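For reference, the structure is listed below as structure tokens.
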Amino acid sequence: MKSAGASSVTVTLVIATTRPGVMGLMVRLAALTATICTTVVASAVVAAAPAMAIGERGTPGDKLSTLTTVALFVGVPVAAAALIAFLVFLPSMVSGPRYRPGRPWSAAASWFGESEGAGEAGMPELTALPDATAQGGGASARW
Amino acid sequence: MPLHRAVAQVPAGSAFTFRQSENIRRAVATAGAETGLRFFVYVGQIEGDVRSYARRRHAALGSAAQYGVLIVVDPDARLVEIVTGQTACRRLDDRAAGLASLSMATSFAGGDLTGGIVNGLRMMAQAAARPPVLHEHDDN
Chain A
1 MKSAGASSVT
11 VTLVIATTRP
21 GVMGLMVRLA
31 ALTATICTTV
41 VASAVVAAAP
51 AMAIGERGTP
61 GDKLSTLTTV
71 ALFVGVPVAA
81 AALIAFLVFL
91 PSMVSGPRYR
101 PGRPWSAAAS
111 WFGESEGAGE
121 AGMPELTALP
131 DATAQGGGAS
141 ARW
Chain B
1001 MPLHRAVAQV
1011 PAGSAFTFRQ
1021 SENIRRAVAT
1031 AGAETGLRFF
1041 VYVGQIEGDV
1051 RSYARRRHAA
1061 LGSAAQYGVL
1071 IVVDPDARLV
1081 EIVTGQTACR
1091 RLDDRAAGLA
1101 SLSMATSFAG
1111 GDLTGGIVNG
1121 LRMMAQAAAR
1131 PPVLHEHDDN
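Taken in sequence, the protein lines are chains A and B. Per the numbering used here, the first sequence starts with residue 1, numbered consecutively. Per the numbering used here, the second sequence starts with residue 1001, numbered consecutively.
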């Protein structure tokens, strides 16, 4: 009883929040405006970060060693490319072999539906087709 | 190219993921419940004549053959066969079976085995669906 009441409250809440109306439209518009403003200001601040360092004092740091330079400008891009390639191939690695028309098919046979009668094992014993099959029909198609 | 070769050489494993098998199993059960017929699906390589294999496999269903509809898909030979039993073919005539097999072949040609089987089952269930007849399967 209690849970039924709670679920009905949830349902009305959902209906109330999803009902399209002037209030909902205004709220959505306000949220959109706030998001756009925040994004514009934040990206400007982030882009201007080096400019803010102009007046700073301190040691500028040593020259990069050859090893660090190579690691930074070759190692990082290669690692990023490898990561992206791995993520691209991950779905096909997980899902296993996929059927591609025209390519050889090597997967094990699959049977769907209850296993009825003798199944594949009983096929060699069939000398003639019973009426149930012989009087039946069917169709076929190629691709 | 080498990647595709590696995929093709994968030794015998299941052709379908768990979710795909689940979809087909559900489609088989739904089609059976909607029509009162018994649907069976076989997907695999077949040596020799596919049509004769399908008919013998249908006969091997035993008592279920009368109301049985067997769909045999050979992805290697690129052939789909539908065999309907003596009673089943009155409800699912050859024209409806042919239409379903064509629709399935179209999906298979696009590489979608699961979608083709599920859609074909749905089409056949729709063609064979009718108001339920009480005591239809009783002996007397």
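Idealized CB from N, CA, C, for every residue including glycine. Bear in mind the structure is a predicted one, so any value in this text is a computation, not a measurement.
Bounds of any beta strand (DSSP E) do not take in A:G113, whose DSSP letter is neither H nor E.
Interface residue (Cβ-Cβ distance to chain B less than 8 Å): A:L87 is not classified as such. The residues V1080, in chain order, have a CB closer than 6 Å to that of B:A1105 in the same chain once the five nearest residues on each side in sequence are set aside. The beta carbons of B:A1088 and A:P130 sit no closer together than 8 Å. A distance of 8 Å or more separates the beta carbons of B:A1109 and A:P104. Proximity of B:E1047 to chain A, defined by a Cβ-Cβ separation below 8 Å, is not satisfied. Our two residues, B:R1038 and A:S92, have alpha carbons roughly 34 Å apart in a direct line. In this model, B:V1043 and B:I1082 are separated by some 12 Å (Cα to Cα). A:A128 places its beta carbon 8 Å or farther from that of B:S1101. For the segment 1027-1044 of chain B, the beta-carbon criterion of a distance under 9 Å to any beta-carbon of chain A is satisfied by A1027, V1028, A1029, G1032, R1038, F1039, F1040, V1041, Y1042, V1043, G1044.
At a cut-off of 8 Å, the C-beta of B:M1124 has no neighbouring C-beta in chain A.
Classified as exposed, A:G58 has fewer than 16 neighbouring CB atoms from the shown chains inside 10 Å of its CB. Counting only the Cα atoms, B:N1119 lies some 25 Å from B:S1052.
Contact between B:V1069 and A:F112 is absent: CB atoms are separated by about 12 Å, not below the 8 Å threshold.
The C-alpha of B:A1065 is placed about 11 Å away from the C-alpha of A:Q135. A distance of 8 Å or more separates the beta carbons of A:S110 and B:A1128. In the DSSP annotation of this structure, the continuous segment of the beta strand (DSSP E) that includes B:D1074 starts and ends at 1068-1074.
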